[in-house]
Each structure stands twice: as C-alpha cells, then as structure tokens.
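Enquirer: Those protein sequence lines, which keep their order, are chains U, B, P and L.
In this text, residue positions in the first sequence follow the working numbering: the first is 207, and each later residue adds one.
In this text, residue positions in the second sequence follow the working numbering: the first is 207, and each later residue adds one.
In this text, residue positions in the third sequence follow the working numbering: the first is 19, and each later residue adds one.
In this text, residue positions in the fourth sequence follow the working numbering: the first is 19, and each later residue adds one.
All C-beta atoms, glycine included, are put in the ideal place defined by N, C-alpha and C.
Keep in mind that this is a model prediction, so the values were computed, not measured.
Let me give you the structure first, and then I'll get to my questions.
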Amino acid sequence: MAVRVQDKDFDLGAEVAAFCRGRADMGAIVTFTGVVRDVGGGLKHMLIEHYPAMTQAAIEKIEAEAVQRWSLGDSLIIHRFGALEPGDRIMMVATAAPHRADAFQAAEFLMDYLKSRAPFWKKEVTDTGESWVSAKDEDEDALNRW
Amino acid sequence: MAVRVQDKDFDLGAEVAAFCRGRADMGAIVTFTGVVRDVGGGLKHMLIEHYPAMTQAAIEKIEAEAVQRWSLGDSLIIHRFGALEPGDRIMMVATAAPHRADAFQAAEFLMDYLKSRAPFWKKEVTDTGESWVSAKDEDEDALNRW
Amino acid sequence: MIDVVYFAWVRERIGLPKERLDTTSATVRELVTELRAREDRYEAAFADLSALRVAVDQELTDFDAPLAGVREVAFFPPMTGG
Amino acid sequence: MIDVVYFAWVRERIGLPKERLDTTSATVRELVTELRAREDRYEAAFADLSALRVAVDQELTDFDAPLAGVREVAFFPPMTGG
Numbered sequence: 207m208a209v210r211v212q213d214k215d216f217d218l219g220a221e222v223a224a225f226c227r228g229r230a231d232m233g234a235i236v237t238f239t240g241v242v243r244d245v246g247g248g249l250k251h252m253l254i255e256h257y258p259a260m261t262q263a264a265i266e267k268i269e270a271e272a273v274q275r276w277s278l279g280d281s282l283i284i285h286r287f288g289a290l291e292p293g294d295r296i297m298m299v300a301t302a303a304p305h306r307a308d309a310f311q312a313a314e315f316l317m318d319y320l321k322s323r324a325p326f327w328k329k330e331v332t333d334t335g336e337s338w339v340s341a342k343d344e345d346e347d348a349l350n351r352w
Numbered sequence: 207m208a209v210r211v212q213d214k215d216f217d218l219g220a221e222v223a224a225f226c227r228g229r230a231d232m233g234a235i236v237t238f239t240g241v242v243r244d245v246g247g248g249l250k251h252m253l254i255e256h257y258p259a260m261t262q263a264a265i266e267k268i269e270a271e272a273v274q275r276w277s278l279g280d281s282l283i284i285h286r287f288g289a290l291e292p293g294d295r296i297m298m299v300a301t302a303a304p305h306r307a308d309a310f311q312a313a314e315f316l317m318d319y320l321k322s323r324a325p326f327w328k329k330e331v332t333d334t335g336e337s338w339v340s341a342k343d344e345d346e347d348a349l350n351r352w
Numbered sequence: 019m020i021d022v023v024y025f026a027w028v029r030e031r032i033g034l035p036k037e038r039l040d041t042t043s044a045t046v047r048e049l050v051t052e053l054r055a056r057e058d059r060y061e062a063a064f065a066d067l068s069a070l071r072v073a074v075d076q077e078l079t080d081f082d083a084p085l086a087g088v089r090e091v092a093f094f095p096p097m098t099g100g
Numbered sequence: 019m020i021d022v023v024y025f026a027w028v029r030e031r032i033g034l035p036k037e038r039l040d041t042t043s044a045t046v047r048e049l050v051t052e053l054r055a056r057e058d059r060y061e062a063a064f065a066d067l068s069a070l071r072v073a074v075d076q077e078l079t080d081f082d083a084p085l086a087g088v089r090e091v092a093f094f095p096p097m098t099g100g
C-alpha cells in the first residue's frame, strides 16, 4: 500500500513491476492513468493545486477504505501537482488482487473518490485566458454506487 | 486497435507508452494484466494452448464489439501462449478513452469476453500431476451483464 | 473431406490434434455420433456434450450447425482465456 | 488563534493563501459570517456556500462544525482530483 504526491512524472511500467515483483498470489493487476486532455485545442497547461497538509492523509484514508472493502494484495496511488502539459500523466492508481473483479472494482472506487474527495484543484490555462475546472455532478453522483 | 497473440513476454509500460504517444485527447487509460497464480504452492508451470487459426480473429471480434459499445480512442490486447511460470504475465488489455467510465467498462467487457470466448485453454502442472483449468460458472455468468 | 481438430483434454482423450475425415454427416451432432461409434477414445471424449464447445470454420457455433461446405470443425472444452 | 487557509478560486478572490485570525466564532458558519462582514473580497468568496467545501484540521466537514480547539480551517471549491 503506497500513496505518493509529487510534482515529478512517474513510469507506469516501472511502478507496476516494482509493485508486484516476486508475488505469485495476485492474478489480476488493474491500472488507471489520468492524462491531461486538450479538448478545445488551445490548452497551454494545466495547473494542479493541492492542500499539502491534507492530501497524503486524505488519499490514505480512501485507500484504507478500498482495502477494507475488497480483497486486495496491494495498491498504489500517485498524484502529481504543478504545471502539466497536454498529454502529460496526471495520476495513476494500481490495484492487485487474486481475482479480476476485486482489482477492477477497487480501482474504480479509488478513482471515484480521488475525483471528488482528494484535495486537488485544476486550472486550465489556454491561449485566451484561464479558468478553474468545475466539479461535475456526475462525479459526485458516482460516489453513490459504492 | 491491436491484437497480438505471442509466446514471448511483454512490457506493460512500453506498450502503454507506445499506445498513447502524442495523443492529448484521451484522458483515461485503463490496463488489466493477468498473472499466473500459484494458489496451492506447488505449481511448476502453466501451459497455455490456443487455436492458432481462430485466436486472432476471435479476439479482434471481441475488440470490435467493445469499440462499437464505448467511446474508445484506442485499445490493445496481448495474450501469451506456451509454458509460463508462477508470477509470469499471461495477458494484458489496455483501453484509452476521453473519460474514465468508458475506459473502465470497455476493459472489463474485454476481460469478461476473453475469459470465456477467446480460444485458450490452461493446464496446471504441479509437483503431483497436471490438470486442465475448468471454466467457472461465474465467468460465464459475467457475460450476462453486458 | 473435412478437417477435425481437437484442443485441451479433448485432444488428449482422442490422442491426436487433427484428422481429416470423409463424412456424410449433415450436422455437427451427426458427426459426433459418427465419431463416438468409431472407438472408445472418441466415446470418452464426446460422452458429455454439455462439457464441450464447437467451432465451425473458426467460428463458435452449436451442435446443430450444418456441415455443408465446411472445411474445419473444432471440438474443445469451455475456454479459459484471460 | 486559528489558521485559515484558502485554495483555488477562494484563494484568488480573497487574495491570500493563509491568514491567522483571533476569533470568538463557535462554528465554521459563524466564522464565515465574521469574514463576510470584513471586506468585499470575503463577501465575494463566500457569497454562495453551496459552492464551497470546508475542512477542519485537514478533515472534510460541514459548516456547522464547532471551532473549539481547532487549529486550522480550510475553504475551497469542490475538489477536482484524479
């Protein structure tokens, strides 16, 4: 179980390899990677702000909840902050479980909670100005399924 | 969109990096990796047999169905055959989509169909003998949700 | 002439991966009946059809599929991919 | 004395990331009323409480949370992680 909040990039393959090295009891590994999208075509960069005194503990609490709900052998959450460009990785989640249903569900749960309960805020800086990304109702609604 | 059936191993990080290089329209990448589990502790290796004349086309058909159902920017399926040891990667699926719900659902759909509709058969060779892995009712039932 | 291929424990019970047959069977089910009558090893392989799956010309189908014009029939247990 | 911290557009509207206050407010809601009365920039930031979230000592809570013994209150818009 690990949580890292960092400004630097991460290497998905290396992280997953380190995560499950030498284990033969986990049949299923699911990863999610979030990438900066440039929907309108004019995005210069995305600024990710967070609440340093709270972020690590808030994510660890979400992770602990996932571990309690599903049969997980391991989990990893990395979330970046700072200025990111279109196509850059923002964050990743990895889950390892004996069976695929647990690995998938835990990863989806982690993503839903990270979206709306981890203290990050995104601002888009485009050619024509800047604006904070609004939380979506559907992201809040997604929590109701758990 | 790509499907590869091969005996050699694959590198998850390299595959995912190649898969989405230079794209800033896909916000979500989900991967699943299946790993050989040694549940009882005596597994020497797992032999994976397949139906070469059918495998590639059968998987491409499953992939085409996923592309039709969800908004996917790209997908990749790699499945190995031959003799694998505990902890070895068996297969991987990767999906890229603008939003996470499509990427997750398409990956789960692909896995459910690969489990029961792609022509692979697994045999476990242990210290005490060998036996074919039985299909599980729950894997067949999983198809009903789609 | 039709190619008949076997996988996993079906292949092991019958003792070969592939054979070429001259058959007048009109459906997969008739072909199974014809094979079961040949030797015990076929009888052992085809004893419980609910434990078997069939593909005709590399497409999954059922035991009522017609064999007219077919080049390859495959018999195997339920698949265990992924 | 209590530390009050602001994030995202709350920080921008108020014009500072953090301040230390001497307050007699018993709850977060009372603290908000006290801040709104100070200056227009606070009024602008706190005009619509439904658009705001609050954490007390780094735990998400609601506006009725008591402030007794609290060291840090944070105000911010709904989170957009992931």
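1) Out of L:55, L:42, L:47, L:59, state which residue places its alpha-carbon closest to the alpha-carbon of residue 33 of chain L.
2) Cα separation between residue 239 of chain U and residue 232 of chain B?
3) Using a Cβ-Cβ distance under 8 angstroms, would residue 301 of chain U count as near chain B?
4) To the nearest whole angstrom, what separates the beta carbons of residue 211 of chain B and residue 256 of chain B, a pair I think is in contact under 8 angstroms?
5) Nearest-angstrom Cα distance between residue 65 of chain P and residue 79 of chain P?
6) Going along chain B in order, which residues have a C-beta closer than 9 angstroms to the C-beta of residue 283 of chain U?
7) From B:338, B:243, B:271, B:229, pick the residue whose C-alpha is nearest to that of residue 320 of chain B; which is it?
8) DSSP on residue 297 of chain B, reduced to helix/strand/coil?
9) Give the interface partners of residue 338 of chain U over in chain L, defined as CB-CB distance under 9 angstroms, in chain order.
10) Under 8 angstroms: do the segment 92-99 of chain L and the segment 335-344 of chain U share three or more Cβ pairs, one atom per stretch?
11) What does residue 39 of chain L touch in chain U if you count any residue whose Cβ is under 9 angstroms from its own?
12) Thinking C-alpha only, which one of U:346, U:268, U:291, U:312 is nearest residue 332 of chain U?
13) Are three or more beta carbon pairs between the segment 291-311 of chain U and the segment 242-251 of chain U nearer than 8 angstroms?
14) Quick check on this structure: which residue in U:269, U:264, U:249 has the alpha carbon closest to the alpha carbon of residue 282 of chain U?
15) Within this structure, are the beta carbons of residue 46 of chain L and residue 72 of chain L separated by less than 8 angstroms?
16) Determine which residues share a DSSP beta bridge with residue 284 of chain U and list them.
17) Please state whether the Cβ-Cβ distance between residue 308 of chain B and residue 349 of chain B is less than 8 angstroms.
18) Can you tell me whether residue 303 of chain U is buried or exposed? The criterion is at least 16 other CB atoms within 10 Å of its CB, across all chains shown.
19) Can you check whether the C-beta of residue 67 of chain P is within less than 8 angstroms of a C-beta belonging to chain B?
20) Is residue 346 of chain B close to chain U? Criterion is C-beta to C-beta, closer than 8 angstroms.
21) With 8 angstroms as the threshold, decide whether the Cβ of residue 214 of chain B is near any Cβ in chain P.
22) Applying the criterion that 16 or more other CB atoms from any shown protein chain within 10 Å of the CB defines a buried residue, is residue 264 of chain B buried or exposed?
23) Write down every uninterrupted run of the alpha helix (DSSP H) in the segment 210-253 of chain U whose length is 4 residues or greater and which is fully enclosed by it, in chain order.
24) Classify residue 227 of chain B: buried if its beta carbon has 16 or more other beta carbons within 10 angstroms, exposed otherwise.
25) Report the three-state DSSP secondary structure of residue 348 of chain U (helix, strand or coil).
26) What distance in whole Å lies between the Cβ atoms of residue 298 of chain B and residue 225 of chain B, which are believed to be in contact at a cut-off of 8 angstroms?
27) Using a Cβ-Cβ distance cut-off of 8 angstroms, determine whether residue 324 of chain U contacts chain L.
28) Does the beta carbon of residue 63 of chain P come closer than 8 angstroms to any beta carbon on chain B?
29) Tell me the rounded alpha-carbon separation between residue 56 of chain P and residue 230 of chain U.
30) Can you tell me where the alpha helix (DSSP H) holding residue 37 of chain P begins and where it ends?
31) I think residue 218 of chain B touches residue 218 of chain U, with their Cβ atoms under 8 angstroms apart; what is that distance to the nearest whole Å?
32) Which residue marks the beginning of the alpha helix (DSSP H) containing residue 206 of chain B, and which one marks its end?
33) Quick check: is the beta carbon of residue 260 of chain B nearer than 8 angstroms to any beta carbon in chain P?
34) Please say whether residue 262 of chain U and residue 209 of chain U have beta carbons closer to each other than 8 angstroms?
35) Inspect the beta-carbon positions of residue 234 of chain U and residue 285 of chain U and report whether they are closer than 8 angstroms.
36) Can you tell me the Cα-Cα spacing of residue 51 of chain L and residue 223 of chain B, whole angstroms?
Expert: The relevant details are as follows:
1) Stepping through the fourth sequence from its first residue, residue 33 of chain L is reached at position 15. The option with the nearest alpha carbon to residue 33 of chain L is L:59.
2) The residue given as residue 239 of chain U occupies position 33 in the first sequence. The residue given as residue 232 of chain B occupies position 26 in the second sequence. Roughly 10 angstroms between the two C-alpha positions.
3) Here residue 301 of chain U refers to the residue found at position 95 when the first sequence is read from its first residue. By this cut-off, residue 301 of chain U is not an interface position.
4) For the purposes of this step, residue 211 of chain B is identified with residue 5 of the second sequence, where counting begins at 1. For the purposes of this step, residue 256 of chain B is identified with residue 50 of the second sequence, where counting begins at 1. 7 angstroms between Cβ atoms; contact.
5) Here the question's residue 65 of chain P lines up with position 47 in the third sequence. Here the question's residue 79 of chain P lines up with position 61 in the third sequence. The straight-line gap from Cα to Cα measures roughly 19 angstroms.
6) Counted from its first residue, the first sequence places residue 283 of chain U at position 77. Here the premise fails: no neighbours, minimum Cβ distance about 15 angstroms.
7) Within the second sequence, the letter at position 114 stands for residue 320 of chain B. Comparing Cα-Cα distances from residue 320 of chain B to each of B:338, B:243, B:271, B:229, the minimum goes to B:271.
8) Within the second sequence, the letter at position 91 stands for residue 297 of chain B. The three-state reading of DSSP puts residue 297 of chain B in strand, counting E and B together.
9) As a position in the first sequence, residue 338 of chain U is number 132, starting the count at 1. Chain L residues near residue 338 of chain U: 26, 27, 30, 95, 98.
10) Judged by Cβ distances under 8 angstroms, the segment 92-99 of chain L makes contact with the segment 335-344 of chain U, as three or more pairs qualify.
11) Stepping through the fourth sequence from its first residue, residue 39 of chain L is reached at position 21. Residues of chain U passing the Cβ test: none, with the nearest at roughly 17 angstroms.
12) As a first step, residue 332 of chain U is located in the first sequence; it is residue number 126 there, counting from the start. With distances taken between Cα atoms, residue 332 of chain U lies closest to U:291.
13) Short answer: they touch.
14) Indexing the first sequence from 1 puts residue 282 of chain U at position 76. Out of U:269, U:264, U:249, U:269 has the C-alpha closest to the C-alpha of residue 282 of chain U.
15) For the purposes of this step, residue 46 of chain L is taken as the residue at position 28 of the fourth sequence. For the purposes of this step, residue 72 of chain L is taken as the residue at position 54 of the fourth sequence. Between residue 46 of chain L and residue 72 of chain L, the gap from beta carbon to beta carbon is short of 8 angstroms.
16) Residue 284 of chain U sits at position 78 when you count from the first residue of the first sequence. Answer by DSSP bridge pairing, in chain order: U:210, U:298.
17) As a first step, residue 308 of chain B must be located in the second sequence, where it is residue number 102. As a first step, residue 349 of chain B must be located in the second sequence, where it is residue number 143. Not a contact, by the Cβ cut-off of 8 angstroms.
18) For the purposes of this step, residue 303 of chain U is identified with residue 97 of the first sequence, where counting begins at 1. Flag for residue 303 of chain U reads buried.
19) The count along the third sequence starts at 1 and reaches residue 67 of chain P at position 49. So no, residue 67 of chain P is outside the interface.
20) What you label residue 346 of chain B is simply residue 140 of the second sequence in a count that begins at 1. No, residue 346 of chain B lies away from the interface with chain U (no Cβ there is under 8 angstroms from its Cβ).
21) What you label residue 214 of chain B is simply residue 8 of the second sequence in a count that begins at 1. Closer than 8 angstroms: no.
22) Taking the first residue of the second sequence as 1, we reach residue 264 of chain B at position 58. With at least 16 other beta carbons inside 10 angstroms of its own, residue 264 of chain B counts as buried.
23) Within the segment 210-253 of chain U, the alpha helix (DSSP H) runs of at least 4 residues that lie entirely inside it are, in chain order, 218-226.
24) Counted from its first residue, the second sequence places residue 227 of chain B at position 21. Residue burial annotation: residue 227 of chain B is exposed, with fewer than 16 other C-beta atoms found within 10 angstroms of its C-beta.
25) Indexing the first sequence from 1 puts residue 348 of chain U at position 142. Judged by DSSP in its simplified three-state form, residue 348 of chain U adopts helix.
26) The residue labelled residue 225 of chain B in the question sits at position 19 within the second sequence. The residue labelled residue 298 of chain B in the question sits at position 92 within the second sequence. Actually they do not touch by this definition, with Cβ atoms about 11 angstroms apart.
27) For this step, residue 324 of chain U is matched to residue 118 along the first sequence. Yes, residue 324 of chain U lies at the interface with chain L (some Cβ there is under 8 angstroms from its Cβ).
28) Looking up residue 63 of chain P in the third sequence gives position 45. No - not a single Cβ of chain B is within 8 angstroms of the one on residue 63 of chain P.
29) Working through the third sequence from its first residue, we reach residue 56 of chain P at position 38. Working through the first sequence from its first residue, we reach residue 230 of chain U at position 24. Approximately 44 angstroms, taken between the alpha carbons.
30) Counting from 1 along the third sequence, the entry for residue 37 of chain P is found at position 19. Premise fails: residue 37 of chain P lies in the beta strand (DSSP E), 36-39, not in any alpha helix (DSSP H).
31) Your numbering for residue 218 of chain B matches position 12 in the second sequence. Your numbering for residue 218 of chain U matches position 12 in the first sequence. Approximately 7 angstroms separates the beta-carbon atoms of residue 218 of chain B and residue 218 of chain U; this is inside 8 angstroms, confirming the contact.
32) As shown, chain B starts at 207 and ends at 352. That puts residue 206 of chain B outside it, with no answer to give.
33) Taking the first residue of the second sequence as position 1, residue 260 of chain B is located at position 54. Chain P, which has a Cβ nearer than 8 angstroms to the Cβ of residue 260 of chain B, makes this yes.
34) For this step, residue 209 of chain U is matched to residue 3 along the first sequence. For this step, residue 262 of chain U is matched to residue 56 along the first sequence. For the 8 angstroms CB-CB criterion, residue 209 of chain U and residue 262 of chain U form a contact.
35) What you label residue 234 of chain U is simply residue 28 of the first sequence in a count that begins at 1. What you label residue 285 of chain U is simply residue 79 of the first sequence in a count that begins at 1. If you check the CB distance, residue 234 of chain U and residue 285 of chain U do not come in under 8 angstroms.
36) As a working mapping, residue 51 of chain L is identified with position 33 in the fourth sequence. As a working mapping, residue 223 of chain B is identified with position 17 in the second sequence. Answer to the nearest angstrom: the Cα atoms are 51 angstroms apart.
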